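K.L.:
There's a structure below that I have some questions on.
As structure tokens, then:
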């Protein structure tokens, strides 16, 4: 039991250092915005030709990869919300006897 208390006291005495926020480089943000605009244009215009790759440095590639992962998580959250809202609408229709088309 004393050993367990030792670890608890030790953990309380050694707090984790504060980590400063990450600062995304401006060029990575510009690349992300350019790629997003280009992707939106290609989709809206129905462009079928293969896209021309945008040159990035290793640092920029790391940042835009993190940005893409964050966007993916945001979209997953949005999909979960929409799926739940759709199920709720279906349940309301059933409860109210509303026919679906």
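In my numbering, the protein residues as written are 165 to 265.
Quick reminder that beta carbons are idealized off the backbone N, C-alpha and C, glycines included.
Here the structure is a predicted model, which means the values were calculated and not measured.
(1) Would you mind giving the Cβ-Cβ distance between residue 189 and residue 224, rounded to the nearest angstrom? I have them listed as a contact below 8 Å.
(2) Just to confirm, is the Cβ distance from residue 196 to residue 222 under 8 Å?
(3) Is the CB-CB distance between residue 218 and residue 232 below 8 Å?
(4) For residue 180, which of helix, strand or coil comes out of DSSP?
(5) DSSP three-state label for residue 262, please.
(6) Looking only at its own chain, which residues have a Cβ that is under 7 Å from the Cβ of residue 257, when we skip the five neighbours before and after it?
(7) Any beta carbon from chain C within less than 8 Å of residue 241's own beta carbon?
P.N.:
Let me spell this out:
(1) Locating residue 189 in the chain shown gives position 25, counting from the first residue. Locating residue 224 in the chain shown gives position 60, counting from the first residue. About 7 Å separates the two Cβ atoms, so the contact holds.
(2) As a first step, residue 196 is located in the chain shown; it is residue number 32 there, counting from the start. As a first step, residue 222 is located in the chain shown; it is residue number 58 there, counting from the start. Taking 8 Å as the Cβ cut-off, residue 196 and residue 222 do not qualify as a contacting pair.
(3) By 1-based counting over the chain shown, the position of residue 218 is 54. By 1-based counting over the chain shown, the position of residue 232 is 68. In this structure, residue 232 does not lie closer than 8 Å to residue 218 by Cβ.
(4) Within the chain shown, numbered from 1, the residue matching residue 180 stands at position 16. Of the three classes helix, strand and coil, the one that applies to residue 180 here is coil, per DSSP.
(5) Translated into positions along the chain shown, residue 262 becomes position 98. Correct three-state label for residue 262: coil.
(6) Within the chain shown, residue 257 is the residue found at index 93, counting from 1. For residue 257, where only same-chain residues beyond five positions count, the Cβ hits under 7 Å are 264.
(7) No chain C appears in the structure shown, which is made up of a single protein chain.
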